[in-house]
Structure formats: structure tokens, C-alpha cells
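Note that the sequence shown covers residues 70 to 619 in the working numbering.
Cβ coordinates follow ideal geometry from the N, Cα and C atoms, glycine included.
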Amino acid sequence: ASPKAETETADERREDAKKAGAREESRARETVKSIAALVVVLLVLELVVRVVFAVRHAMVEYVALPYVMGGDFGPQPPWADGERMRMHDPELFWRGRPDFEQKYVNLFTAVESDEVRRAVLRRFSPSLPAELQGNPTWRVKLDHEGFRGDALGPKNPDALRVVCLGDSWTFGASVDQDASYPAQVEKLLATQYPGKKLEVKNLGIIGHSSFQGVKLLPTAMALEPDVLVIAYAMNERHWAGYKSSDPIAAPKTPLFAHSELYKLLKYWAQSIAWKPKPMNDLLRWEAGQRVSLEAFEDEGELEDWMQRSLADYDANVMTMMKAARDRKMDVVLVYPEFWVDGPYGRAARRIAQREGVPLVDVSKIVGDERARRAYELESKLGLRPDGSVKPPEGDTVEIVMRVRKGAREGQGPIYIAGPYPEWGDLAPNTVELYDDGTHGDQKAGDGVWSRAFSMPKGKPLYYVWTASGARGAWTGLDVPVLRDVKVPATYDRARYYAPIDTFGEMPLYGDPWHTDAEGNGLVAKDLARALATLPRVTAFVTRGGAAPAN
């Protein structure tokens, strides 16, 4: 090729390269513009979602607290995050949100199905459905440190101050602001000692154990109490092996996980994919858990993790007691759990006896009152057993299960379901009870549905009620808790009448795990009696002021 042709070819190549570069540059600019536009759109959507969530939160008057078997709620809606009363804490794992205030409505009631409860949890509308308007409500107000009640200032030397360390029982889960047992004991003390200055501070946090109690000691001691109340039990097994010196790392989340838009999209995706577990499986699992826990009654056969947990509980309680005694404070120990004579209850009793401190046993207080009310109801309805039945044969007994309808149940029978062939092997609305004077029913037409079953003695039997739903379908549901009955192994008659349940209600239960306001009142009375026996309280009453902490 000639030099001229080669020059022209080189020029063309340069021109082509220049054009290609321009095209690449143009594409890059378009890509940047597209990315920028996408970022702007996402930021606008993020802002819109946050504004919508904030507006909704401002309009919420009551937050619904549904309960379902096995805690099988499914995906949690992100718009409810602003209604949570707890936050992560590097020392305590979680604590209350400072200056938090919220009203709640309790769904520990009968409903048509568990899906109704889940629907309330996922409900975006800030208003409550009409059918929940009459449900019990309660208010929570936290101080600037995230503890329930008003903050306390410097200690008045003429005042008696009681500080309560504890879990959700002390916090007062499912009861109003002035109905927790610390709040009620403060009112009782004011009545018992008129004219005296008395202060009770509630340091209970939902989900805490004695592990966190030790970590809260500096906070408790800074309040300079005359009496320290220590009340832990139900969460202990979840913290087995933790030491007060162990660091609690904050949960690691990527930056985009803080996006409300991302959380909303993730929630929608999870909701589409999620399927609730069958109720039969949840109940069978719950019954299995309860059977496993009942096995702990023989402490000689405790599993290693449970032995470690009980040892941790003893060590943590002793650490708290020593801190109090080193400052000349009195101590009261509280066992806050429904589990009568459970392993932590026995551990608390041993500590109380060993250390010479009062013990308030909530399980006995609530259990005794429930038994008293059951006896009273039987007497009122004329359904006390006559005691004329022949002695039993073998290890079985004829047990008569009994239940009344609550305020919301309509026409039709009530059914029992449990993990035993006699109770339908958890087939709902299948095993019918009667109110016609047959099948073990004591009085026809008295509103108490009954049926006799041949069942074993000496072990707990677990069951639920359903009310006239479709056969084999989990509809017409009772309160979301697995009920139980136990015929003592030493029972010497052939027929045993179970306490009369009320469909949709459980006396002295505020939810599946905690007592209600009445139960808190009973605990407060017992605690007030225990406080009255303490040296510092006695000195306060007789001298007109708190005993010196020398």
C-alpha cells in the first residue's frame, strides 16, 4: 500500500477509536445517570416508607399483643418496630427504651382461629378491629433509663427504699402501670405505715435472668436501697453458662438492613413463602417440652445443662445477696413462676433456708388461690364430688373433665383434644363433652360440659378445648395455652373430678406465662408481709426513719 493509503487508514482507525471512546463515555454517563436515578428513586421510596410508618405509629393508640401456640407468629411486620419497648444493650443484651410509653390490648382470649391472632399482629391499620374493643388493656411507661415507673432521685435519709430486681414478672407483663407487684406493694406499705415516706423502684426487665441481675447491681446499689428484692426464675435455663464478665456483642447487621424499604420488601417476600406449622405439631411439641421439664422434678437425673443453670442461679443470687449485705441491706427472695415446686423454686427455697432470708413463692400463692377458687366454684354450682365412688383398680382412674362456656361462646358443645387416643390424639372438634347428665356429666343443662375418661394417674395430662368448630379443623379456639390436669398417684378413688375450666379464661393468668393484676396483688400482699419482718423495716417503723447503713 502507498504511504498515502496507510495514512488514511491510520486516520480512520483513530477516528473509529475516537467514536468508540465517545460511545463508551456516553454509555458510562447513561449508566451513572441510571444508577443516580435509581438511587434517587430508592431514597424517595425509603423516605416515603419512613414517613408512612411514622404517621402510622403516631396514630396507634393500642398495640395488640397476640399469643399463638409455639410462638408460631410468622414474619414480623417492620412497621411495628417502633412499638417495641426493648432495645439492644451491650451489657444486658436488652433493656427498656428510655422514656418509652405505650398502651397495649391483650389477646389472651378465645378466638375463631390462630390466623385471627396473626392477622391482628400483621394489621397495618393503626386502629383495633371492632371485636377487640372490649379486651383488657394495659399501659407501660418507662423512665429515662428504661425502667418501669418514675425515676428516683437521691435517697432521702428519712425514707424507706425498696429496689426490686427481676424479670417480666417483676416488670409486670400484661398488667397496667400501677398493677405490677412492686407498684402494688408500694401502695400497701403506704397504707400500713401512714405518714411514712416509702419508695419501691422496679428494675424488672422482660427476658432478664439472674445473669443480668448481677450486671444491674451497680444500678441497684446506686439507688441506696434499704431492701433488695431478688426475683428471677423463668428465663434462667436460657442463660446457662453465661458469666457476668462475658461480653454481649451487638447483633451484626449489614448497612442496608437498616433500610425500612428493605425490611418491608423482605417482610413481603417472607410472608409469601411462610406457611404456619400444623397446630397438631405445635401442641405435640409443647406437650413434649412440658413432659421434659416435668422430668426435672428428680434433681438426681438432671441433664448437665440444667445442673449448670441451677449452679449459675445459686451463684448469681448469692452475688446479689452479698452486694446487699455488704451495704447492710436486707434481702427478700421471690420465686416468680407458675411451676409449682420446679427446680428453680427448690433452689430458691434452699438458698432462703441456708441464708435465713424470706422467700415469696409465687407458684404457691397463685396455685393455692386457683385451688380455692375451683373449690368455691364447685360448691356454688353444686358440683362437689360426693365421695361415694368405689376404689380404683390398677394405675388408671376415671377422670371427669369439666368446662363451662365463657361470655363469647354460642350454642353447641365443647370438645377436648389432647395427645392421647382417649382425647382424639389432637383431632380438634371431635371428642365431644356433654351437658345432659350422661357420660359422667353431673347435672343436665347446668352449663357445665363434662365427660369421663379412663386415664393414668400420677402424671400430667395436657389438653385444649375447642368450641363447636368444624370437625377436624382448628377453629373455635380457647385461650392459647396448653392446659393440664394431674391425678395424684396416691388418689384412692375410681373417679376423679377435674377442676371446672371456663372456656376463654384462666383465673389469675394475664397471658400464658404471667399472672394478672389480681395475682400481682396477692404477690404484693405476701411481699409486704415478708418486708414487715425485716430489721431495717422494723427500725424504720419504730424509729420514724430508715435504719442507719453503718
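- Taking P135 as the centre and dropping the five residues before and after it, the same chain places the C-beta of L176, R186, V189, L190 closer than 6 Å to its C-beta, in chain order.
- Ranked by Cα distance from N204, the options D455, R520, P412, K172 are led by K172.
- CA-CA distance, P482 to P549, rounds to 19 Å.
- Here the alpha carbons of D494 and W518 stand approximately 20 Å from one another.
- In the same chain as R439, and ignoring 5 residues on each side of it, the C-beta atoms closer than 7 Å to its own belong to P576, L577, in chain order.
- In the three-state reduction of the DSSP assignment, R192 falls in the coil class.
- Contact between the region 247 to 258 and the region 270 to 278 is present, with at least three C-beta pairs closer than 8 Å.
- Assignment of alpha helix (DSSP H) within the region 216 to 263, counting only whole runs of 4 or more residues, yields 237 to 240, 250 to 261 in chain order.
- Judged by beta-carbon spacing, A593 lies within the 8 Å limit of L257, meaning their Cβ atoms are closer than that value.
- The three-state reading of DSSP puts N304 in coil, since its state is none of H, G, I, E or B.
- D141 is positioned such that its CB atom lies no closer than 8 Å to that of L452.
- Taking a cut-off of 8 Å for Cβ pairs, the region 275 to 284 and the region 298 to 308 touch, as three or more such pairs fall below it.
- By the Cβ criterion, the region 233 to 250 is in contact with the region 583 to 593, since at least three pairs of Cβ atoms, one from each stretch, lie closer than 8 Å.
- Two segments are said to touch when three or more pairs of C-beta atoms, one from each, lie closer than 8 Å; by this definition the region 428 to 448 does not touch the region 529 to 543.
- Nearest Cα to D504 within the set A513, A392, D553, A496: A513.
- The three-state secondary structure of S523, taken from DSSP, is strand.
- At a Cβ-Cβ threshold of 8 Å, R471 and Y531 do not count as neighbours.
- Each residue's CA atom was taken as its position, placing M290 and A105 some 55 Å apart.
- Boundaries of the beta strand (DSSP E) harbouring D553: 552 to 554, taken from the DSSP string.
- The alpha carbon of W148 has as its nearest neighbour, out of E329, A486, E305, the alpha carbon of E329.
- A residue is called buried once 16 or more other Cβ atoms fall within 10 Å of its Cβ, and G506, having fewer, is exposed.
- Bounds of any alpha helix (DSSP H) do not take in I483, whose DSSP letter is neither H nor E.
- Between L229 and F609, the C-beta spacing is below 8 Å.
- Its Cα nearest to that of F193, the residue M128 stands out among G90, M128, V232, D383.
- Under the three-state reduction of DSSP, W543 is assigned to coil, being neither helix nor strand.
- Here M398 is actually not in contact with W543; their C-beta atoms are around 51 Å apart, not less than 8 Å.
- Scanning F169, A356, D595 for the CA closest to the CA of E214 turns up F169.
- In this structure, DSSP gives D585 a state outside helix and strand, which the three-state scheme calls coil.
- Closest in alpha carbon position to W492, among W354, S523, K344, is S523.
- Straight through space, the alpha carbons of A133 and V108 are spaced by roughly 36 Å.
- With a beta-carbon spacing of about 6 Å, V174 and L197 fall inside the 8 Å limit used to define contacts.
- Taking the C-beta atoms as reference points, W354 is found no nearer than 8 Å to G143.
- Within the same chain, S432, K433, G436 come within 7 Å of V409 by CB-CB distance, once the 5 residues on both sides are set aside.
- With fewer than 16 neighbouring CB atoms inside 10 Å of its own CB, G541 falls in the exposed class.
- With respect to W374, A309 sits close: the two C-beta atoms are nearer than 8 Å.
- By the C-beta density criterion, S378 is buried, having at least 16 other C-beta atoms within 10 angstroms.
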